[in-house]
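Residue numbers for the sequence shown follow my numbering, so the first one is 101 and each next one is one higher.
Where a beta carbon is used, it is the ideal one built from N, C-alpha and C, also for glycine.
Remember, it's a predicted structure, so these values are computed and weren't measured experimentally.
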Amino acid sequence: MGTEAQRLVAEAVVPGIGMGPMLMLDAPLSFWGGFDSAAGTVIEAGHPQHGASLAGVVLLMERAKGSSSSSSVLAEAIRNGTGPVAIVMRERDLIVGLGCIVASELYGIDVPIVVVEPAYWATLAACARGSRLLVKAVTGESDASVEIV
Numbered sequence: 101m102g103t104e105a106q107r108l109v110a111e112a113v114v115p116g117i118g119m120g121p122m123l124m125l126d127a128p129l130s131f132w133g134g135f136d137s138a139a140g141t142v143i144e145a146g147h148p149q150h151g152a153s154l155a156g157v158v159l160l161m162e163r164a165k166g167s168s169s170s171s172s173v174l175a176e177a178i179r180n181g182t183g184p185v186a187i188v189m190r191e192r193d194l195i196v197g198l199g200c201i202v203a204s205e206l207y208g209i210d211v212p213i214v215v216v217e218p219a220y221w222a223t224l225a226a227c228a229r230g231s232r233l234l235v236k237a238v239t240g241e242s243d244a245s246v247e248i249v
C-alpha cells in the first residue's frame, strides 16, 4: 500500500478510536458460545478462525449472529483486555453495539464500531492479514473512518 495511509469513509455506530492489526473473519460469529472472553479466542467449532485471538485486534466481520447474550460476553472480553480494540462491519448490529456501549459506560473502555460500504469492504479484504488499521468514530465529527496505516 506504500508509505501513505489510505482513508476509507465509514458510518459511526459506537464512538471511539482504536488501532491495531486487522483480523477479518470469514464467517459470522456469535460471541455467546462462539468466543471465550477469558482467553480471547474464537471457540466455535467449525468456524474458519477457530482458535484465533481477538485480543487487541481491529476485528472485521461482515455481520454477527446469535444470541442477545453476545453483548455481555463482548463487554466482558473488553473489560478483560481479551477483546478487539475496534470493530468494522458491513452490517449494523445492535447486539454487538450494545456490548461496546456497555464496556464504555461500565468500564471506561471505548471500542469503536463503524460500518463500511461494499467497495470499502473489498479494499479491506484485499489487505494483507495483520495490516494495521486505525478506526476513528469521534462524536461531533461528520465522518467516521478506517485508515490503513
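Residue nearest to GLU111 within the set ARG232, ASP136, GLY120, PRO212 is PRO212 (criterion: CA-CA distance). Our two residues, LYS236 and VAL215, have alpha carbons roughly 11 Å apart in a direct line. Among the bridge pairs identified by DSSP, ILE117 is matched with LYS236.
At a cut-off of 3 residues, the continuous stretches assigned as beta strand (DSSP E) that sit fully inside the region 165 to 211 are 186 to 189. The continuous beta strand (DSSP E) containing LEU159 extends over residues 158 to 161. The three-state secondary structure of LEU224, taken from DSSP, is helix. In the three-state scheme derived from DSSP, where H, G and I count as helix and E and B as strand, ALA244 is classed as strand.
Under the three-state reduction of DSSP, ALA219 is assigned to helix. The C-alpha of MET189 is placed about 16 Å away from the C-alpha of ARG107. One thing to note: ALA164 has its Cβ no nearer than 7 Å to the Cβ of PRO148. Taking CYS227 as the centre and dropping the five residues before and after it, the same chain places the C-beta of MET122, ILE248 closer than 7 Å to its C-beta, in chain order. In this structure, the alpha-carbon of SER168 lies about 31 Å from that of SER231.
A Cβ-Cβ distance of about 7 Å is found for the pair ASP210 and PRO115, placing them in contact under the 8 Å criterion. The bridge partners DSSP lists for ASP126 come to none. The alpha-carbon separation between SER172 and THR223 amounts to approximately 31 Å.
Between PRO184 and VAL202 the beta-carbon gap is near 15 Å, outside 8 Å, which marks them as no contact.
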